[in-house]
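Read through the structure below, which is laid out as structure tokens, and then see the notes.
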Amino acid sequence: MELKGRKIGVALTGSFCTYQKVFEQIKKLQEAQAEIVTIFSDASQKINSRFGEAEDFMKEAERITGKKPLLTIDQAEPIGPKSLLDLLIILPCTGNTIAKLANGITDTPVLMAAKAHLRNDKPLLISISTNDALGMNMKNIGLLLNAKNIYFVPFGQDNPEKKPNSMIAKTDLVIPAAEAALEGRQYQPVIQ
Ligand SMILES: Cc1cc2nc3c(=O)[nH]c(=O)nc-3n(C[C@H](O)[C@H](O)[C@H](O)COP(=O)(O)O)c2cc1C
Numbered sequence: 162m163e164l165k166g167r168k169i170g171v172a173l174t175g176s177f178c179t180y181q182k183v184f185e186q187i188k189k190l191q192e193a194q195a196e197i198v199t200i201f202s203d204a205s206q207k208i209n210s211r212f213g214e215a216e217d218f219m220k221e222a223e224r225i226t227g228k229k230p231l232l233t234i235d236q237a238e239p240i241g242p243k244s245l246l247d248l249l250i251i252l253p254c255t256g257n258t259i260a261k262l263a264n265g266i267t268d269t270p271v272l273m274a275a276k277a278h279l280r281n282d283k284p285l286l287i288s289i290s291t292n293d294a295l296g297m298n299m300k301n302i303g304l305l306l307n308a309k310n311i312y313f314v315p316f317g318q319d320n321p322e323k324k325p326n327s328m329i330a331k332t333d334l335v336i337p338a339a340e341a342a343l344e345g346r347q348y349q350p351v352i353q
């Protein structure tokens with residue numbers, strides 16, 4: 162399905178090592194003429210790291226999309242009642258957000274956006290990046306893989322020798338996975 166004119170939320174959580182690739186994908190979504198709004202989790206708004214300053218990432222999101230990011234639970238809440246999005250992508254999605262989402266917790270702007278959007282029976286696409294995907298979070302990923310309207314950007318182990326439980330999404334597949342999710346399909350193969 163064409164992305165042109167589709168209203169797409171891109172929700173960023175605190176997997177900072179992926180941000181360079183994530184912003185490349187946000188640019189590609191913008192080039193595909195999707196109407197993008199970004200949402201930042203509390204951690205992604207506050208943590209400055211070797212990967213960059215939080216403030217700079219929020220400015221970059223505004224520069225690319227032309228819209229101020231949503232930064233609070235009350236700013237994200239209208240996504241539900243006003244049915245603001247066709248697709249929400251959590252890109253990147255931390256282990257923390259995966260665990261909370263799978264257990265119905267709604268205490269960040271990103272989780273509020275997800276809950277609000279899912280209530281409208283619309284697709285949510287998740288791009289995971291977590292060191293505990295094959296450990297503590299495997300059960301939560303399993304719950305989400307089996308949940309209605311939830312799709313995954315294909316993912317796989319990124320460093321089996323040094324980080325045996327780590328899995329990360331293939332961010333270069335965000336666009337085809339988004340097109341599939343808009344059609345109610347999981348892009349395959351999901352494990353790569
Ligand atoms: C430099 C840095 C890099 C991090 N990278 C990751 C990561 O790749 N994946 C992950 O699940 N958590 C990562 N974290 C931990 C999360 O930021 C932390 O769990 C935070 O509570 C996530 O909150 P959020 O899911 O609401 O954004 C990282 C933290 C720091 C400081």
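Heads up: the sequence shown runs through residues 162 to 353, numbered per this note's numbering. Ideal Cβ positions, reconstructed from N, Cα and C, are used throughout, including at glycine. Note that this is a predicted model, so its numbers are computed, not measured.
N-terminal and C-terminal residue of the alpha helix (DSSP H) that residue i is part of
| i | result |
| --- | --- |
| F218 | 215-226 |
| P242 | It is not in any alpha helix (DSSP H) - P242 carries neither H nor E in the DSSP assignment. |
| L305 | 299-306 |
| P253 | Looking at the DSSP string, P253 is not in any alpha helix (DSSP H); the run it does join, the beta strand (DSSP E), is 248-254. |
| I336 | 335-343 |
Which of helix, strand or coil DSSP assigns to residue i
| i | result |
| --- | --- |
| G265 | coil |
| Q186 | helix |
| I208 | coil |
| L232 | coil |
Top-ranked residue by Cα proximity to residue i, from the options
| i | options | result |
| --- | --- | --- |
| I197 | K229, I208, D203, F177 | K229 |
| M162 | R346, I352, Q353 | R346 |
| K366 | Q194, G303, Q181, T269 | No answer is possible for residue 366: it lies beyond the span of the chain, which begins at 162 and ends at 353. |
| Y312 | S327, F218, K189, L343 | L343 |
| L306 | I259, L272, P239, T233 | I259 |
Identity of the residues DSSP links to residue i by a beta bridge
| i | result |
| --- | --- |
| M328 | T291, Q318 |
| K168 | E196 |
Beta-carbon separation (whole angstroms), residue i vs residue j, contact threshold 8 Å
| i | j | result |
| --- | --- | --- |
| E221 | F184 | 6 Å |
| P315 | P350 | 6 Å |
| L285 | A294 | The Cβ separation is near 18 Å, so there is no contact. |
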